[in-house]
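The sequence shown begins at 1 in UniProt numbering and counts up by one.
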Amino acid sequence: MSHIDHLASFQKEVKREDETISSSQDIPSMKSKKPRKARTAFTDHQLHCLEKSFERQKYLSVQDRMELAAKLNLTDTQVKTWYQNRRTKWKRQTAVGLELLAEAVNSSLFYTVEIFRI
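Below you can see the structure in the form of structure tokens.
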């Protein structure tokens, strides 16, 4: 066996070992991660009830959450997650509304000052 043949054989062996190592490293990570649950597609009725409930109460007790989940045929976790996401949206909308209000007040104050300056 020549040096070139020996080197080629060695390279093939190293490549096979690399492939074995990389594939064996993928297996544990695949087993340890739970498959992600599909996104819940709420019905119009469920969304309507959730929104009405949210208008009355921004936070639900465990008992209220369980009752709402049972009424809407959802899991407790689905209702909890929906409420968390809805509160985030509500806080963002409130912050934007306050910003617009502050801009309007500043704008009207500016015009008031300009009127009295004339």
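We put the CB at the ideal spot given by N, CA and C, even for glycine.
Which listed residue (the options) has its alpha carbon closest to that of residue i
i	options	result
histidine 45	Ala69, Arg92, Asp64 and Val96	Ala69
glutamine 63	Phe54, Arg56 and Asp76	Asp76
arginine 56	Ala41, Thr40, Arg87 and Val105	Arg87
Cβ pair residue i, residue j closer than 9 Å
i	j	result
lysine 71	cysteine 49	yes
lysine 52	tryptophan 90	no
lysine 80	arginine 92	no
Between the CA atoms of residue j and residue i - distance to the nearest angstrom
i	j	result
threonine 43	leucine 74	11 Å
leucine 98	tyrosine 83	22 Å
glutamate 103	serine 61	37 Å
aspartate 26	glutamine 78	For aspartate 26, the pLDDT reaches just 48, beneath the cut-off of 50, and the residue's location in the model is therefore unreliable, leaving the point undetermined.
threonine 94	alanine 41	26 Å
lysine 37	leucine 47	20 Å
tyrosine 108	leucine 100	Note that residue 108 corresponds to serine in the displayed sequence, not to tyrosine. Roughly 12 Å separates the two Cα atoms.
Minimum Cβ-Cβ distance from residue i to chain D less than 9 Å
i	result
glutamate 55	Structure shown: chain D not included; a single protein chain is present.
Segments of 4+ residues assigned as alpha helix (DSSP H) that fall wholly inside the UniProt DNA-binding region "Homeobox" (35-94): 44-56 and 62-72
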